[in-house]
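Contents: one structure, followed by commentary.
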Amino acid sequence: MTRRLLLAALLLLPTGHALGEEHTIQAISQRGYESMLFEPDFLRIEPGDTITFAVDDLDHQPQSAFVPAGAAPWQAEQGASITVELTQEGVYVFDCAFHNVMGMAGVIVVGEPVNLAEAREFFARYRDETVFIDKERLDHIWAPDDGLLAGEGAN
Ligand SMILES: [Cu+2]
35 MTRRLLLAAL LLLPTGHALG EEHTIQAISQ RGYESMLFEP DFLRIEPGDT ITFAVDDLDH
95 QPQSAFVPAG AAPWQAEQGA SITVELTQEG VYVFDCAFHN VMGMAGVIVV GEPVNLAEAR
155 EFFARYRDET VFIDKERLDH IWAPDDGLLA GEGAN
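According to our numbering, the stretch in the sequence shown is residues 35 to 189, in order.
See below:
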């Protein structure tokens with residue numbers, strides 16, 4: 035291989051860590067007996083990773099419900115997917131503008147959960163005041179009585 039070809043080959047290599055990982059969270063209208071949910075509804079990622087909230091029907095509108103101080107909130111167009119790059123560390127809560135009352139919500143932890151206390155307070159209030167049906171669905175993410183975020187004890 036000539037030196038020029040070798041250089042060209044090196045330039046074509048993926049840059050790996052320089053680019054954030056891409057994750058997908060699917061909005062699901064019906065799965066067995068469950069309706070209106072995100073899959074997954076809890077995710078740990080690294081700063082600079084991107085998340086696509088994938089919507090394949092007109093029923094959903096993914097949006098942020100709580101973001102760390104200084105981070106940009108997001109909201110998809112009705113029935114449309116949206117991709118966001120999360121660069122700021124902390125705990126984010128997202129939901130569907132139409133079905134948050136049914137517990138269609140989830141949590142993303144980007145890097146270190148630097149705003150854990152504030153996010154926990156928000157999530158407890160959110161569970162009480164915003165979600166009317168299926169509050170228990172959220173409890174595997176953040177149980178109101180033990181106050182533990184999913185996977186928190188594993189750190
Ligand atoms: Cu929805």
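Positions of the beta carbon are idealized from the N, C-alpha and C atoms, including for glycine. Predicted model only: the values in this text are computed from it and were never measured.
Given a threshold of 16 other Cβ atoms within 10 Å of its Cβ, counted over all protein chains shown, does residue i qualify as buried or as exposed?
i, result
"Y67", "exposed"
Return helix, strand or coil for residue i, following the three-state DSSP convention.
i, result
"H57", "strand"
"F156", "helix"
"A151", "helix"
"M70", "strand"
"D173", "helix"
"G82", "coil"
"D91", "coil"
"V101", "coil"
"G50", "Since pLDDT at G50 reaches only 49, below the 50 mark, its modelled position is unreliable, and the value read off the structure follows with that caveat. Correct three-state label for G50: helix."
Compute the Euclidean distance between the alpha carbons of residue i and residue j, then round it to the nearest angstrom.
i, j, result
"R78", "R37", "42 Å"
"M138", "E152", "21 Å"
"F156", "F128", "12 Å"
"Y126", "T58", "15 Å"
"P85", "E163", "Note that residue 85 is Ile in the sequence shown here, rather than Pro. Going from the Cα of I85 to the Cα of E163 covers about 27 Å."
"G82", "E56", "9 Å"
"L120", "M70", "24 Å"
With a Cβ-Cβ cutoff of 7 Å, do residue i and residue j count as a contact?
i, j, result
"F72", "G140", "yes"
"S115", "V89", "yes"
"Q95", "Q112", "yes"
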